[in-house]
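Engineer:
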Amino acid sequence: MEPLFFVMAIMGCGDGNVQCTQARVVPVRYQSMAQCRAALPYQLAKNTDVDYPMIGAACQRHGAEYAKNAVGTPRS
45 MEPLFFVMAI
55 MGCGDGNVQC
65 TQARVVPVRY
75 QSMAQCRAAL
85 PYQLAKNTDV
95 DYPMIGAACQ
105 RHGAEYAKNA
115 VGTPRS
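Printed below as a string of structure tokens:
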């Protein structure tokens, strides 16, 4: 399983920032949500070629997440 990381999706939106759809995913992995959010302005400026009236971006969590089992707690 992969470790947890964050990616940024570039979204294309209609006028008024409605009906947004994912146009692409930036090919950079970020170690934290904070790092991904800090890169938003740079990546938005770099991805202005999306064929929509408006663009946006969203950070998304990817990879495996593991649940911790407390000691003595039965697993289902």
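When you line the sequence shown up against this note's numbering, it's residues 45 to 120, in that order. All C-beta atoms, glycine included, are put in the ideal place defined by N, C-alpha and C.
In three-state terms, what does DSSP make of ARG105?
Structural biologist: strand
Engineer: Note the first and the last residue of the continuous alpha helix (DSSP H) segment covering ARG81.
Structural biologist: 77-82
Engineer: Going by C-alpha to C-alpha distance, which of VAL62, LYS90, ALA108 and ASP95 sits closest to PRO41?
Structural biologist: Residue coverage of the chain in this structure runs from 45 to 120, which leaves residue 41 outside it and unanswerable.
Engineer: Using only the alpha-carbon positions, how far apart do GLN104 and ALA82 sit?
Structural biologist: If you draw a straight line from the Cα of GLN104 to the Cα of ALA82, it is about 14 Å long.
Engineer: Please return the same chain residues whose Cβ sits closer than 6 Å to the Cβ of LEU84, not counting the five positions on each side in sequence.
Structural biologist: ALA101
Engineer: Does DSSP classify TYR74 as helix, strand or coil?
Structural biologist: strand
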